[in-house]
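Numbering (full-length UniProt numbering), first residue to last: 1 to 474.
One structure is given below, encoded as structure tokens.
Next up, the structure:
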């Protein structure tokens, strides 16, 4: 049995009647009920010929059945393939082509896809089984066996398939669990699937979103507030875009801590969150699809000197590297290695771009520029290759953007090169344009360009989509 399944079994034994998951329709499933679903699915699918080493593509509603399906596949030694949800049908087709699964599993209306997508024709079709069946024959996987195949976001090219072994998931659990540990029962609003897996293994309750994460631009802050209050959410594990909505939403849910990541967490956002809720704890988590987490920062640890350094262009503080990770800076780039750092993609040809093999160590190139300070803390500067020439020297985006987000009327901003000149693109109150122009002149930037909206990434709407913005400017 894998470490995650073993931890899940222990959580079932400790808290059989505790709610494990609340789905987007408000349906609560206890740990005992989730485990029973796992066993039903595993037995039924094993009888349909699914077994050790088989790849099964999941096209399912994000609810308890999805997580029961993951556990069921691991129980019989199979591996799950999760397409990139932000890509919609294109992501599903890409996942099928990249992984060549033996079967696919659907729930709800996703079952109609079997007739629509040629990539699914000829594959065995599985559905969540509700009938009582004999227990499955357990197939304990080896630690190095693949448990899960997921995909990068594709913001810098075609999404790459990442194979995560059972050992990898256990190491990721060991890296994340100390950040989330609580001696008290919590009710966590969780927007990141990997954190749901950690909660299930730890015995905590996860409240899933009642909106589509791929359509965050359509979410109303009042909906977020009402969902949290209805489900008595005590902690939130959400991207910065949802933190922005949290500030707008207000409300009196018993929320005491927010863990946020998936995009840069700027100091002005932390300030507004804590102004709205003075007792709110905020923990910023930095990582990537290939290495989650890399570093973390408790907002209470940010000093006045740190704020001054950020305002003066020294980058964005993201805190100390987590235990169990090795981190180095090579020609400005952050590179990491460790047990919970992906050491290779499903397609070996993709390794050349992002992996550096140094004897037995595989370093992952994050593509992020950064620096380490005298205390060993990590500061982000921006993406590699996004630096812009200002006053005769190259500057990374966060050297300007961190400070500019605090100017009057600025909602979002991006340092760009447009027509061979440095330009600060601003989304915000155009009535403040004269103030912005004075600020950029002091920084040596050629001009300010106001736009109605800066395009953001599709996964979490928390990172600037610089490729789309560049196309917009040109």
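Here a beta-carbon is modelled for each residue, glycine too, at the ideal position from N, C-alpha and C.
Secondary structure of residue i, DSSP reduced to three states
{"i": "residue 293", "result": "strand"}
{"i": "residue 206", "result": "strand"}
{"i": "residue 166", "result": "helix"}
{"i": "residue 325", "result": "strand"}
{"i": "residue 335", "result": "strand"}
{"i": "residue 173", "result": "helix"}
{"i": "residue 320", "result": "strand"}
{"i": "residue 198", "result": "helix"}
{"i": "residue 50", "result": "coil"}
{"i": "residue 138", "result": "coil"}
{"i": "residue 217", "result": "helix"}
{"i": "residue 468", "result": "helix"}
{"i": "residue 396", "result": "coil"}
{"i": "residue 133", "result": "coil"}
{"i": "residue 300", "result": "helix"}
{"i": "residue 39", "result": "helix"}
{"i": "residue 32", "result": "helix"}
{"i": "residue 148", "result": "strand"}
{"i": "residue 20", "result": "strand"}
{"i": "residue 189", "result": "strand"}
CB of residue i within 8 Å of CB of residue j, strictly
{"i": "residue 173", "j": "residue 141", "result": "no"}
{"i": "residue 57", "j": "residue 101", "result": "yes"}
{"i": "residue 368", "j": "residue 334", "result": "yes"}
{"i": "residue 235", "j": "residue 257", "result": "yes"}
{"i": "residue 225", "j": "residue 207", "result": "no"}
{"i": "residue 462", "j": "residue 241", "result": "yes"}
{"i": "residue 294", "j": "residue 327", "result": "yes"}
{"i": "residue 319", "j": "residue 381", "result": "no"}
{"i": "residue 282", "j": "residue 299", "result": "yes"}
{"i": "residue 252", "j": "residue 274", "result": "no"}
{"i": "residue 86", "j": "residue 153", "result": "yes"}
{"i": "residue 313", "j": "residue 400", "result": "yes"}
{"i": "residue 227", "j": "residue 210", "result": "yes"}
{"i": "residue 197", "j": "residue 346", "result": "no"}
{"i": "residue 82", "j": "residue 123", "result": "no"}
{"i": "residue 42", "j": "residue 76", "result": "yes"}
{"i": "residue 428", "j": "residue 402", "result": "no"}
{"i": "residue 317", "j": "residue 306", "result": "yes"}
{"i": "residue 67", "j": "residue 21", "result": "yes"}
{"i": "residue 237", "j": "residue 191", "result": "yes"}
{"i": "residue 30", "j": "residue 59", "result": "no"}
{"i": "residue 44", "j": "residue 133", "result": "yes"}
{"i": "residue 385", "j": "residue 329", "result": "no"}
N- and C-terminal bounds of the alpha helix (DSSP H) containing residue i
{"i": "residue 110", "result": "Run containing residue 110: none; DSSP gives neither H nor E here."}
{"i": "residue 308", "result": "304-311"}
{"i": "residue 5", "result": "3-14"}
CA nearest to the CA of residue i, picked from the options
{"i": "residue 451", "options": "426, 216, 103 and 461", "result": "426"}
{"i": "residue 448", "options": "64, 148, 473 and 229", "result": "473"}
{"i": "residue 348", "options": "412, 218, 108 and 163", "result": "163"}
{"i": "residue 453", "options": "417, 432 and 413", "result": "413"}
{"i": "residue 323", "options": "291, 317 and 305", "result": "291"}
{"i": "residue 139", "options": "223, 39 and 31", "result": "39"}
{"i": "residue 125", "options": "111, 345, 133 and 136", "result": "111"}
{"i": "residue 189", "options": "6, 390, 26 and 388", "result": "26"}
{"i": "residue 220", "options": "203, 244 and 232", "result": "244"}
{"i": "residue 118", "options": "95, 61 and 377", "result": "95"}
{"i": "residue 418", "options": "445, 435 and 398", "result": "445"}
{"i": "residue 8", "options": "23, 36, 28 and 24", "result": "36"}
{"i": "residue 202", "options": "192, 212, 193 and 185", "result": "185"}
{"i": "residue 84", "options": "457, 471 and 464", "result": "457"}
{"i": "residue 232", "options": "464, 19 and 466", "result": "19"}
{"i": "residue 415", "options": "408, 398 and 250", "result": "398"}
{"i": "residue 194", "options": "133, 222 and 287", "result": "287"}
{"i": "residue 121", "options": "144, 93, 130 and 136", "result": "93"}
{"i": "residue 269", "options": "376, 407, 146 and 383", "result": "407"}
{"i": "residue 466", "options": "440, 439 and 388", "result": "388"}
Extent of the continuous beta strand (DSSP E) to which residue i belongs
{"i": "residue 158", "result": "Neither: residue 158 is in no beta strand (DSSP E) and is coded neither H nor E."}
{"i": "residue 126", "result": "124-126"}
{"i": "residue 281", "result": "281-288"}
{"i": "residue 390", "result": "388-390"}
Unbroken stretches of the alpha helix (DSSP H), 4 residues or longer, contained in the region 342-381 | 351-354
Those runs of the alpha helix (DSSP H) which lie wholly inside the region 57-122 and span at least 4 residues | 64-75, 89-99 and 113-116
Would you list, in sequence order, the uninterrupted alpha helix (DSSP H) runs of no fewer than 4 residues that lie entirely inside the region 402-449?
-> 433-443
For the region 219-275, list the beta strand (DSSP E) runs that are entirely contained and at least 3 residues long, ordered along the chain.
-> 235-238 and 257-260
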